[in-house]
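Data block below; observations after.
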Amino acid sequence: MVNLGRNATFYADAGDDRKAAAEFNWTRHKRSLLSRYLSALPRKDKVVDVGCRDGRNAEFFKQACGIAEMHGVDIADAPLEHARRRGIHTARWISGESPFPAEDGSFDAVIAMDVIEHIYDTEEFIRELARVTRDDGVLLVTIPNLAWWRSRLRLLVGKMPDGAASISVNVALDRCVDLKHLRMGIAAEWTHMFESAGLTVEDRAGYTFDILKGPSGALDHWLSRWPTLAHSILYVLRKSDAARRGG
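First residue of the sequence shown? That's 216 in our numbering, and the numbers climb one at a time after it.
Here it is, written out as structure tokens:
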């Protein structure tokens, strides 16, 4: 049995619909970035959203990017029921307990938005995503950036970085610590891990969330053009030549 920590209870139900709608609104910068890459795919027959929750994002990508068949997986049944009502093909999956519920090379694109930081064995997780991606397909992975410019300032004054993993699964003194995060890192470390798993980073882009207002928000948006300073980073990943050859 995989220990999911706080993730097991936090993501066990469908959640509050108003909160989900609010989150959908303030994540539009991230969605627009992913839509750009999905729309440019030569094939859009079959795409999966890993950690799809209630299927809002999956439904958006299907409609906005012209995806023929949209799939979604999550760790709990309750949110997947909502996703099915949106026309998403769903499956339950907990990374580390079983293989991803799909055959090798099933998808033209695999999306994992802010999921990998909640995973204990990140290498097994990313290898499974790569396995079910077509050899000419793409993995789109978004991850909070431990070295966000505001987090660097917080460290300078002796505070935890925003979104940092806690030393405990139950308590944290700093409200910026995320009890659900198990793995946090900087761009260079994530890139090294992806490459070790047989992937190449074709592109990466920084983005932020539409939460900060005023001058601070404007500065945040401006600095996000440099991925290593952004709140979060989108990694565009493809299988390396060696991985496609099975080497």
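Yeah, the Cβ is synthetic: ideal placement off N, Cα and C, and Gly gets one too.
Grouping DSSP H, G and I as helix and E and B as strand, with all else coil, what is residue i?
i    : result
A412 : coil
P442 : helix
A380 : strand
A273 : helix
I331 : helix
R300 : helix
R246 : helix
A279 : helix
A447 : For clarity, residue 447 is Ser in the given sequence; the question names Ala instead. Strand at S447.
D389 : coil
G421 : strand
H407 : helix
Between the alpha carbons of residue i and residue j, how many angstroms are there, rounded?
i    : j    : result
P321 : D329 : For the record, residue 321 in the displayed sequence is Ser; it is not Pro. Spanning the two alpha carbons is a distance of roughly 22 Å.
H297 : A279 : 19 Å
V392 : S381 : 6 Å
I309 : S431 : 38 Å
T337 : A379 : 16 Å
My understanding is that residue i touches residue j, with C-beta atoms under 8 Å, so please give their C-beta distance in whole angstroms.
i    : j    : result
W363 : A445 : 7 Å
G352 : A306 : G352 to A306, Cβ: 18 Å. No contact.
G281 : K259 : 6 Å
G287 : V263 : 7 Å
F424 : W241 : 5 Å
Every unbroken alpha helix (DSSP H) within the region 304 to 375, with a cutoff of 4 residues, ordered by chain: 337 to 346 and 364 to 371
Contact the region 451 to 461 vs the region 405 to 422: 3+ CB pairs below 8 Å: yes
Stretch-stretch touch, CB-based, cutoff 8 Å, three pairs: the region 340 to 347 with the region 396 to 413: yes
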